[in-house]
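Protein sequence lines correspond, in order, to chains A and B. Reminder that position 47 of the first sequence reads as 46 in numbering that gives the first Met the number 0, one-by-one numbering, no gaps. Reminder that position 341 of the second sequence reads as 340 in numbering that gives the first Met the number 0, one-by-one numbering, no gaps. Take a look at the structure below.
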Amino acid sequence: MDILLQLIVSGIAVGGVYALIALGFVLIYKATSIINFATGEFMMIGAYFFYTFMVMAGLPPIPSFLLVMFCSALLGLFVERAILRHMLGQPTISIVMVTIGLSSILMGLAEMIWSTDFKSFPALFPRAPVIIGDIIVRSNLFWGFVVAMLAVIVFALLFKYAKVGVAMRATAGDQMAAFSMGINVRSMFTVAWSMGAIAAALGGVIIGNIGGIQPTLGSIGLKIFPVVILGGLDSIAGAVVGGFIVGLVENIAGGYLDPYVGGGVKDLAPFVVLVLILFIKPYGLFGKQDIERL
Amino acid sequence: MRMGDFKQTYAADEAVFRSGTVRFWLVVLLLAMAAFPFMVGPYLLYMANLTGVAIIAAVGLNILTGAAGQISLGHAAFVGIGAYTSAILTTKLGLPFLVCLPLSGLAAAFFGIIVGAPSMRMKGLYLCIATLAAQVIFDFIFVHWTSVTGGIRGINVPSAELFGYKLDTEFKMYFVTIPIMIAAITAARNLFRTRVGRAFIAIRDRDISAELMGINLFQYKLYAFAASSFYAGVAGCLQVYLLRIVTPEHFPLHESIRYLAMIIVGGLGSVLGSIFGAIFMTMVPEALQSGLALFQGMDDKLMSYLFPLQTVVFGLLIVVFLVFEPHGLAEMWRRVKNYFRLWPFEH
């Protein structure tokens, strides 16, 4: 029983971080209908930005954190302007492939700039594990969860109440209507990419703080797909719920099944759940069902 | 400038090779391909064989993604299923090459139908991610079902035998790979002229309209998955006999992406495009690698910058083609041909 509780708690903690990264994905998908296969790489680059500012430049954590957000926003802006803007109106496969190509470029560049060596951050939080009742949580995991949840809440509030957020939702709802209400639809695309990149980068910093960073860190981004499909591609609440479900499923399945098959269940389980969900509810738990007209 | 090219029957207009010029150059190409192995060394033959396999797989993916419009991120997994099927049938049951070849294709097609089954309820991005799940799950099975697949160490396979003749060199394999490749290309080219192939294209262009015209969407999507993974399975079987070993490392997600990149760079929905794309995406990394080999040993620091360049170039190729030439190499080829068709006149 203790093991189960332990697994559940760490599942929730990891799930919170997944929720934040998935949010980075959903923000972009909601506003631009672009499925961003490079989310994982945005995350990885974000972690490297943090490493650069904090370890290489020796800045304190908070300014580094802010600089990471700024640089990631610039990266998102640049990517949208330089590449995705040309892809407006192209078929799905082209857009999917362009983001896959982008992820390859970002990964190669990261290897060139920061080398393939494993790197880790200095301790940001008190080292002592956090104890809740009988359960012990690694401090990095606990504080990572707290930061991720704070970020998710900030993004959700921003989306709900800030002028930019409302404009973004309007653009997502109906581009033509938003356009005629005086919303600059194009700049909304840019904002969505910047915000998506920021969310992913924050997730990357947290993940990097838990387990260290490498250019292949972006492959964690693949787990975003079970998360966002579970919740429905265009739902922010869905991303959060999906994040927790995937975190729980992979921890519990990994904890109980790994000894029997020799590891790797953690990476597999979310995708098995994904397939099952797709059979039962093809548009996810909270997704908007497409109604097509000819 | 080409002249006197008039068609008097529909059959002549619909022919695969429409004019004498095309037929002439095709014969020249075939002769050159037949003479090729006698003129080059084993390395180039090895590359030619690998390219042949890549062409078969890419043509298969183009049936599903290019023609029927269903994006698959799991093509490498189907190549893997074909490869493992033939490796297991050869080593455990001792079946001959000629039996393994169609069986690998059929095994892959069978799993293709299973993976395609969700297409009954979903399409587009959701289906694309379902195929991604298939890729991850099959990858896991290849690695972890040790008793059958040999785990990460894989299975060593003896060289193929055809009519008592051992195919133990690249030279001999060439005469198996290339004819199969030509057969595969011919079959695909003709598939698009049949009822089934036209149904695929109708589904890609507008699925709802296709359904209204009496095409059973689910059935034809499954056909597309089956046909595409059959090609993948055959390619996998050939790859096993070329490399004589099969390990999970040959079929990661990255390989699926490489196949997608081939048909993107080559040209979606065009058989010729898949051929160009497969050649291009096999040759460019190889050329880069030999280019980098020139710098080898000069400076370790320089190498650590240059080595990741391959990853960057791979991504750049995809992005640049999509942004500047969305119809790929096939379209460039068509423009060049058109230019010379009218040459020396401009219009």
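We treat Cβ as the ideally placed atom computed from N, Cα and C, and that holds for glycine. From a predicted model like this one, the values you see are computed outputs, not experimental measurements.
key: Straight-line gap, Leu-284/A to Val-311/B (C-alpha atoms, nearest Å)   = As a working mapping, residue 284/A is identified with position 285 in the first sequence. As a working mapping, residue 311/B is identified with position 312 in the second sequence. Approximately 37 Å, taken between the alpha carbons.
task = Tell whether a beta-carbon distance below 8 Å holds between His-131/B and Ile-262/B.
result = As a position in the second sequence, residue 131/B is number 132, starting the count at 1. As a position in the second sequence, residue 262/B is number 263, starting the count at 1. Position check: residue 131/B holds Leu in this sequence, whereas His was assumed. It is not a contact, given that the beta carbons lie outside the stated cut-off.
key: Spatial distance of Val-13/A from Val-163/A (CA atoms)   = Here residue 13/A refers to the residue found at position 14 when the first sequence is read from its first residue. Here residue 163/A refers to the residue found at position 164 when the first sequence is read from its first residue. Going by the C-alpha atoms only, they are around 29 Å apart.
ask   = Anyone know if the C-beta pair for Thr-98/A and Gln-213/A falls short of 8 Å?
value = Taking the first sequence and counting its residues from 1, one reaches residue 98/A at position 99. Taking the first sequence and counting its residues from 1, one reaches residue 213/A at position 214. Judged by their CB atoms, Thr-98/A and Gln-213/A are not nearer to each other than the 8 Å cut-off.
task = Measure from the C-beta of Leu-301/B to each C-beta in chain A and report whether the shortest distance is under 8 Å.
result = Walking along the second sequence from the start, residue 301/B turns up at place 302. So, not an interface residue.
inquiry  = Here's a check: name, in chain order, each residue in its chain whose Cβ is nearer than 7 Å to the Cβ of Gly-115/B, leaving out the five neighbours to either side.
reply    = The sequence position of residue 115/B within the second sequence is 116, counting from 1. If we look at Gly-115/B and ignore the five residues flanking it on each side, its Cβ neighbours are Lys-220, Leu-221 and Phe-224.
request  = Show which residues of chain A have a CB atom less than 7 Å away from the CB atom of Arg-120/B.
outcome  = Numbered from its first residue, the second sequence carries residue 120/B at position 121. For the C-beta of Arg-120/B, the chain A residues within less than 7 Å are, from N- to C-terminus, Pro-281.
query = Residues in its own chain within less than 7 Å of Phe-320/B by CB, not counting five upstream and five downstream?
reply = Your numbering for residue 320/B matches position 321 in the second sequence. Closer than 7 Å at the Cβ level, and outside the excluded window around Phe-320/B, lie Ile-263, Val-264 and Gly-327.
query = To the nearest whole angstrom, what separates the beta carbons of Glu-83/B and Phe-141/B, a pair I think is in contact under 8 Å?
reply = Working through the second sequence from its first residue, we reach residue 83/B at position 84. Working through the second sequence from its first residue, we reach residue 141/B at position 142. Looking at the sequence shown, residue 83/B is not Glu but Tyr. Tyr-83/B to Phe-141/B, Cβ: 7 Å. Contact.
request  = Report the rounded CA-to-CA distance for Ala-56/A versus Tyr-47/A, giving the unit in angstroms.
outcome  = Residue 56/A sits at position 57 when you count from the first residue of the first sequence. Residue 47/A sits at position 48 when you count from the first residue of the first sequence. Rounded to the nearest whole angstrom, the CA to CA distance from Ala-56/A to Tyr-47/A is 12 Å.
Nearest candidate by alpha-carbon position, reference Met-148/A, set Gly-45/A, Gln-5/A, Ala-169/A and Phe-243/A = By one-based count along the first sequence, residue 148/A stands at place 149. Comparing alpha-carbon positions, the option among Gly-45/A, Gln-5/A, Ala-169/A and Phe-243/A lying closest to Met-148/A turns out to be Phe-243/A.
key: Integer Cβ distance of Ala-198/A from Leu-83/A, believed to fall under 8 Å   = Along the first sequence, one-based indexing puts residue 198/A at 199. Along the first sequence, one-based indexing puts residue 83/A at 84. Actually they do not touch by this definition, with Cβ atoms about 17 Å apart.
message = Using a 10 Å radius around the Cβ and a threshold of 16 neighbouring Cβ atoms, would you call Lys-222/A buried or exposed?
response = In the first sequence, residue 222/A corresponds to position 223, counting from 1. Burial call: buried.
inquiry  = Output needed in chain order: residues of the segment 302-323 of chain B with a Cβ under 9 Å from some Cβ in chain A.
reply    = If the cut-off is 9 Å between Cβ atoms, the segment 302-323 of chain B has Ser-303, Tyr-304, Leu-305, Phe-306, Pro-307, Leu-308, Gln-309, Thr-310, Val-311, Val-312, Phe-313, Gly-314, Leu-315, Leu-316, Ile-317, Val-318, Val-319, Phe-320, Leu-321, Val-322 and Phe-323 near chain A.
ask   = Quick one: Cα of Leu-44/B to Cα of Phe-109/B, how far?
value = By one-based count along the second sequence, residue 44/B stands at place 45. By one-based count along the second sequence, residue 109/B stands at place 110. Taking the straight line joining both Cα atoms gives about 32 Å.
Where Thr-38/A falls, given that 16 or more other Cβ within 10 Å makes a residue buried = In the first sequence, residue 38/A corresponds to position 39, counting from 1. Buried, because 16 or more other Cβ atoms sit within 10 Å of the Cβ of Thr-38/A.
query = With distances taken between CB atoms, is the gap from Glu-13/B to Phe-96/B smaller than 8 Å?
reply = On the second sequence, residue 13/B is found 14 positions in, with the first residue counted as 1. On the second sequence, residue 96/B is found 97 positions in, with the first residue counted as 1. Annotated as distal: Glu-13/B and Phe-96/B, with beta-carbon spacing of 8 Å or more.
key: Stretch-stretch touch, CB-based, cutoff 8 Å, three pairs: the segment 32-47 of chain B with the segment 195-202 of chain B   = Counting Cβ pairs under 8 Å, fewer than three are found: no touch.
query = How far does the alpha helix (DSSP H) with Ala-238/A in it reach, from first residue to last?
reply = Residue mapping note: residue 238/A aligns to position 239 of the first sequence, counting from 1. From DSSP, the alpha helix (DSSP H) with Ala-238/A extends over 235-260.
task = Give me the Cβ distance between Ser-71/B and Cys-236/B, rounded to the nearest whole Å; I'm assuming they're in contact under 8 Å.
result = Counted from its first residue, the second sequence places residue 71/B at position 72. Counted from its first residue, the second sequence places residue 236/B at position 237. Not really, about 19 Å apart at Cβ, beyond 8 Å.
task = Please work out which residues of its chain come closer than 8 Å, Cβ to Cβ, to Met-68/A, disregarding the five sequence neighbours upstream and downstream, and give them in chain order.
result = Counted from its first residue, the first sequence places residue 68/A at position 69. The residues are Ile-197, Ala-200 and Leu-201.
ask   = Is Thr-145/B buried or exposed, if buried means 16 or more other CB atoms sit within 10 Å of its CB?
value = Indexing the second sequence from 1 puts residue 145/B at position 146. For Thr-145/B, the number of other beta carbons within 10 angstroms of its own is below 16, and it is reported as exposed.
query = Looking at the structure shown, is Ala-159/B part of a helix, part of a strand, or coil, going by DSSP?
reply = Your numbering for residue 159/B matches position 160 in the second sequence. Strand at Ala-159/B.
task = Taking Ser-303/B as the reference, give the member of Leu-65/A, Trp-113/A and Leu-74/A with the closest Cα.
result = Here residue 303/B refers to the residue found at position 304 of the second sequence. Distances from the alpha-carbon of Ser-303/B to those of Leu-65/A, Trp-113/A and Leu-74/A put Trp-113/A closest.
query = Can the beta-carbon of Lys-29/A be found less than 8 Å from the beta-carbon of Ala-171/A?
reply = Residue mapping note: residue 29/A aligns to position 30 of the first sequence, counting from 1. Residue mapping note: residue 171/A aligns to position 172 of the first sequence, counting from 1. It is a contact, given that the beta carbons lie within the stated cut-off.
ask   = What does a CB cutoff of less than 6 Å around Phe-124/A pick up in its chain, not counting 5 residues either side in sequence?
value = Within the first sequence, numbered from 1, the residue matching residue 124/A stands at position 125. If we look at Phe-124/A and ignore the five residues flanking it on each side, its Cβ neighbours are Ser-138 and Trp-142.
message = Going by beta-carbon coordinates alone, are Leu-6/A and Asn-250/A separated by less than 8 Å?
response = The residue labelled residue 6/A in the question sits at position 7 within the first sequence. The residue labelled residue 250/A in the question sits at position 251 within the first sequence. Going by C-beta atoms, Leu-6/A is nearer than 8 Å to Asn-250/A.
key: Backbone CA spacing between Phe-49/A and Gly-276/B [nearest angstrom]   = The count along the first sequence starts at 1 and reaches residue 49/A at position 50. The count along the second sequence starts at 1 and reaches residue 276/B at position 277. Taking the straight line joining both Cα atoms gives about 39 Å.
query = At what residues does the alpha helix (DSSP H) containing Leu-66/A begin and finish?
reply = To locate residue 66/A, count along the first sequence from 1; it is residue 67. Residue range 60-81 is occupied by the alpha helix (DSSP H) that includes Leu-66/A.
inquiry  = So, with DSSP's three-state summary, where would you put Tyr-164/B?
reply    = Mapped onto the second sequence, residue 164/B falls at position 165. In the structure shown, Tyr-164/B adopts extended strand secondary structure according to DSSP, grouped into three states.
ask   = If we cut at 8 Å on Cβ distances, does Glu-249/A have a partner in chain B?
value = Counting from one through the first sequence, the residue named residue 249/A turns up at place 250. At least 8 Å separates the CB of Glu-249/A from every CB of chain B.
query = Going along the chain, which residues of its own chain have a beta-carbon closer than 6 Å to the beta-carbon of Phe-137/B, five neighbours each way excluded?
reply = Numbered from its first residue, the second sequence carries residue 137/B at position 138. So the list reads Ala-76, once near-sequence residues are dropped.
request  = Quick one: grab the DSSP three-state call for Ile-70/B.
outcome  = One-based indexing of the second sequence puts residue 70/B at position 71. DSSP places Ile-70/B in coil when its eight states are reduced to three.
key: Beta-ladder partner(s) of Lys-118/A, from DSSP   = Residue numbering aside, residue 118/A sits at position 119 when the first sequence is read from its first letter. Paired residues: Ile-212/A.
ask   = Are Val-270/B and Ile-184/B close, meaning C-beta to C-beta below 8 Å?
value = Against the second sequence, residue 270/B aligns to sequence position 271. Against the second sequence, residue 184/B aligns to sequence position 185. Contact flag set, yes.
key: Distance between beta carbons of Phe-294/B and Leu-305/B, contact taken as under 8 Å   = Start at 1 with the first residue of the second sequence, and residue 305/B comes out as number 306. Start at 1 with the first residue of the second sequence, and residue 294/B comes out as number 295. Confirmed, Cβ separation roughly 6 Å.
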